[in-house]
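S.K.: Handing you this structure, nothing more for now.
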Amino acid sequence: MAVCPARGQDTVKRNRAHAMSPRRNPPPRSRRGPGTRPPRPPGRAPEPSTSPPPGPRIPPRVRVPHTPVQTLPPSPGRWLWTCRAGFEPHLYEELAWAGAAPRLLGEALVESNGAPGLAPAFARQGMRVLASSPWPSPGFSADALARQVAAQPPAAPLVLQAFTPDTPRGNTLAPQADALADAVRSLLPTGRLLEDAARAREEGARLVSLCLAPGLAVLGEVLAREALSLAPGGRRRMRREGDAPSRAAMKLEEALDGLPFEPGRGEVCVDLGAAPGGWTQRLVARGARVIAVDPAKLMPELASHPRVRHIQESAFAFAPEEPADWLFCDMAWRPLEVAQLLAKWGRRGWASYLVANIKLPMKDKNPLLVRVRHILAEEGEWKGLTVRQLYHDRDEVTVTAHRR
0 MAVCPARGQD
10 TVKRNRAHAM
20 SPRRNPPPRS
30 RRGPGTRPPR
40 PPGRAPEPST
50 SPPPGPRIPP
60 RVRVPHTPVQ
70 TLPPSPGRWL
80 WTCRAGFEPH
90 LYEELAWAGA
100 APRLLGEALV
110 ESNGAPGLAP
120 AFARQGMRVL
130 ASSPWPSPGF
140 SADALARQVA
150 AQPPAAPLVL
160 QAFTPDTPRG
170 NTLAPQADAL
180 ADAVRSLLPT
190 GRLLEDAARA
200 REEGARLVSL
210 CLAPGLAVLG
220 EVLAREALSL
230 APGGRRRMRR
240 EGDAPSRAAM
250 KLEEALDGLP
260 FEPGRGEVCV
270 DLGAAPGGWT
280 QRLVARGARV
290 IAVDPAKLMP
300 ELASHPRVRH
310 IQESAFAFAP
320 EEPADWLFCD
330 MAWRPLEVAQ
340 LLAKWGRRGW
350 ASYLVANIKL
360 PMKDKNPLLV
370 RVRHILAEEG
380 EWKGLTVRQL
390 YHDRDEVTVT
400 AHRR
């Protein structure tokens with residue numbers, strides 16, 4: 000192809016001019032990928048890490064077998080645990096994580112190996128199995144049971160209790176269980192029997208329990224001072240006061256009943272999420288002074304009580320003017336956020352004793368409790384931590400702890 004001479008000469012001139020012009024260095028090309036932060040200028044101090052501290056190790060989930068329709072007999076020497084009906088899988092997994100080789104026996108009943116200090120959150124009561132038999136059975140008569148109870152060493156005082164699993168079928172056996180226990184008591188030496196379970200704990204006595212389940216009878220024992228509950232089968236029924244503003248008051252009464260001490264006259268208690276006033280009312284009845292924190296209103300008689308100070312703001316925004324003796328909390332809120340709030344109170348030394356209710360999710364209850372324990376003990380520096388699903392708890396657990 001022919002090239003126009005004039006046009007070709009212009010092209011040569013432009014190329015020469017470009018070659019003689021000073022060369023500009025191109026801007027350095029960034030090597031970072033999309034979304035990464037640019038390099039820091041020289042001499043800039045590194046930014047502090049904002050990553051959260053490592054959390055607790057969550058054990059692998061456990062495959063839980065189906066609950067047997069017919070109640071299975073426990074093995075002598077193993078431990079029998081009672082629980083709320085429907086929570087057998089959660090108790091089973093908790094015991095499996097503890098290496099206690101659990102086995103589902105039936106509704107509200109799980110057995111496992113014993114271990115020092117084993118206190119499952121989802122167990123209401125636990126006892127070492129002495130004997131079991133099909134029920135009814137001549138071999139499990141009152142005479143036979145009395146001989147077996149009397150033969151157990153040491154020959155120390157005991158409290159004889161009777162209970163049934165907390166299920167519709169189990170509850171129908173309650174009259175038979177009570178009648179059998181009464182017959183056994185009548186055959187035991189009166190000097191060995193105690194009527195008061197609290198006294199049994201003080202004297203180092205045993206709780207001997209007779210459990211009647213559908214088709215099964217079990218005899219077991221536990222030292223009173225090591226028992227999860229002093230109530231038969233862990234079913235601690237609290238009487239509802241006629242003027243109680245909410246059923247939550249019974250949860251608090253049961254929680255305080257399991258503590259070696261309780262709020263005294265003149266002590267300062269902070270009640271987070273107080274409305275309508277169930278917990279505040281029971282604390283005032285004990286003579287305590289209560290700071291009730293809740294945006295909602297209290298019952299009029301509580302709001303005007305001289306020992307109640309109502310602060311209508313969020314529990315998460317409230318900070319006490321001075322440390323309190325007790326911190327109480329029963330809020331229908333996200334459990335991990337509540338745990339973080341309670342940890343803040345412990346870490347800052349805002350209270351000496353803790354009683355709180357933590358709501359549970361529909362799934363992953365045990366992994367959540369691992370995280371809650373870690374937050375309260377490690378981040379909140381609370382000591383003597385206990386986590387229990389009490390008789391009056393539903394889809395929730397009660398937490399107690401102290402800082403002293």
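Each step along the sequence shown adds one to the number in numbering that gives the first Met the number 0, with nothing skipped, and position 327 is 326.
C-beta: ideal position from N, C-alpha, C; glycine also.
Remember, it's a predicted structure, so these values are computed and weren't measured experimentally.
1. With a CB to CB cut of under 6 Å and the five nearest residues on each side skipped, what residues in its chain are close to A355?
2. Between V292 and L271, is the Cβ-Cβ spacing less than 7 Å?
3. Indicate the three-state DSSP secondary structure (helix, strand or coil) for E126 in the structure shown.
4. Kindly give me the distance between the Cβ atoms of G234 and F121, rounded to whole angstroms, as I take these residues to be in contact under 8 Å.
5. How many whole angstroms separate the CB atoms of E321 and R346, which I take to be in contact at a CB cut-off of 8 Å?
6. Taking all protein chains shown into account, decide if L186 is buried (16 or more other Cβ within 10 angstroms of its Cβ) or exposed.
7. Could you tell me the alpha carbon to alpha carbon distance between L258 and V221, rounded to whole angstroms?
8. Could you check the C-alpha separation between R23 and E336 for me, to the nearest Å?
9. For H401, name the three-state secondary structure that DSSP assigns.
10. Just to confirm my understanding: we take G34, look at its own chain, exclude 5 residues before and 5 after, and list those with CB closer than 6 Å. What are they?
11. Return helix, strand or coil for N365, following the three-state DSSP convention.
12. Which residues does DSSP list as the beta-bridge partners of K358?
13. Assuming R200 contacts L229 (C-beta within less than 8 Å), just tell me the rounded distance between them.
14. Work out the CA separation of A287 and H304 for me, nearest whole Å.
15. For the alpha helix (DSSP H) holding Q175, just list the boundary residues, first then last.
16. Helix, strand or coil: how does DSSP classify A196 here?
17. Taking contact to mean at least 3 C-beta pairs separated by less than 8 Å, is the segment 87 to 94 in contact with the segment 146 to 155?
18. Quick one: grab the DSSP three-state call for Y352.
19. How big is the Cα-Cα spacing for A314 and L193?
20. Over what stretch of residues does the beta strand (DSSP E) that includes W332 continue unbroken?
21. Smallest Cα separation from L117: which of S132, A97 and A323?
22. Helix, strand or coil, according to DSSP, for E220 in the structure here?
23. Am I right that A107 and R83 are in contact with their C-beta atoms under 8 Å? What's the rounded C-beta distance?
24. In its own chain, which residues sit with a C-beta less than 7 Å from the C-beta of L215, not counting the 5 before and 5 after it?
25. With distances taken Cα to Cα, identify the nearest neighbour of V61 among W349, T81 and P101.
26. Check the C-beta distance from Q160 over to P262 and give it rounded, since I have them as a contact under 8 Å.
27. Within a Cβ cutoff of 6 Å, which residues of the same chain sit near Q311, ignoring the five residues on either side of it in sequence?
28. E110 to A176, Cα distance in whole Å?
29. Kindly indicate which residue of R264, R281, P115 and R402 has the alpha-carbon position closest to the one of G348.
30. Rounding to the nearest angstrom, what Cα-Cα distance links L255 and P75 in this structure?
31. Output the boundary residues of the alpha helix (DSSP H) element that contains L301.
32. Taking all protein chains shown into account, decide if A350 is buried (16 or more other Cβ within 10 angstroms of its Cβ) or exposed.
33. Are A143 and V183 closer than 7 Å when you measure CB to CB?
34. Report the start-end ranges of each alpha helix (DSSP H) in the segment 255 to 315 that is 4 residues or longer and not cut off at the edges.
35. Using beta-carbon positions only, say whether A338 and I374 come within less than 7 Å of one another.
36. So, A302 versus G277, is the Cβ gap smaller than 7 Å?
M.R.: Judging by the given coordinates:
1. Result list for A355: C328, L341 and V398, in chain order.
2. Cβ atoms of V292 and L271: closer than 7 Å.
3. This sequence places Met at residue 126; Glu is not what is there. Assignment of M126 by DSSP, reduced to helix, strand and coil, places it in the strand class.
4. It should be pointed out that residue 234 corresponds to Arg in this sequence rather than to Gly. That pair is no contact at about 15 Å.
5. With 8 Å as the limit, E321 and R346 do not qualify as a contact, their Cβ atoms being about 17 Å apart.
6. Exposed, since its Cβ has fewer than 16 Cβ neighbours within 10 Å.
7. Rounded to the nearest angstrom, the two C-alpha atoms are 18 Å apart.
8. Residue confidence is low: R23 scores 46 on pLDDT, short of 50, so the model does not pin down where it sits. No coordinate-derived value is stated.
9. Strand.
10. With a pLDDT of only 41 at G34, under the threshold of 50, the placement of this residue in the model should not be trusted; the figure read from the coordinates follows. Excluding residues up to 5 positions away in sequence, nothing lies with its Cβ nearer than 6 Å to the Cβ of G34 in the same chain.
11. DSSP places N365 in helix when its eight states are reduced to three.
12. Answer by DSSP bridge pairing, in chain order: E395.
13. With a Cβ gap of about 7 Å, R200 and L229 count as contacting.
14. Their backbone Cα atoms lie some 12 Å apart in a straight line.
15. Run containing Q175: A173 to L186, per the alpha helix (DSSP H) assignment.
16. Looking at A196 - three-state DSSP - the assignment turns out to be helix.
17. Contact between the segment 87 to 94 and the segment 146 to 155 is absent: fewer than 3 CB-CB pairs across the two stretches fall below 8 Å.
18. Correct three-state label for Y352: strand.
19. Approximately 45 Å, taken between the alpha carbons.
20. Bounds of any beta strand (DSSP E) do not take in W332, whose DSSP letter is neither H nor E.
21. The candidate whose alpha carbon is nearest that of L117 is A97.
22. Here E220 carries a strand assignment [DSSP, helix/strand/coil].
23. Indeed they touch by this definition, with Cβ atoms about 7 Å apart.
24. Exclusion of the five residues before and after L215 leaves T70, P72, S131, P133 and W134 as the residues of its chain whose Cβ lies within less than 7 Å of its Cβ.
25. Check the Cα spacing between V61 and each of W349, T81 and P101: the tightest is with P101.
26. Taking C-beta atoms under 8 Å as the contact rule, Q160 and P262 fail to qualify, at a distance of about 29 Å.
27. Once the five neighbours on either side are set aside, the close Cβ partners of Q311 are P294.
28. Between E110 and A176, the C-alpha separation is close to 20 Å.
29. The candidate whose alpha carbon is nearest that of G348 is R402.
30. Going by the C-alpha atoms only, they are around 33 Å apart.
31. First-last of the alpha helix (DSSP H) with L301: P299 to A302.
32. The residue in question, A350, is buried, as its Cβ has 16 or more Cβ neighbours within 10 Å.
33. Result no, Cβ atoms of A143 and V183 do not sit closer than 7 Å.
34. Whole alpha helix (DSSP H) segments, 4+ residues: 277 to 284 and 299 to 302.
35. A338 places its beta carbon less than 7 Å from that of I374.
36. Not closer than 7 Å, so no.
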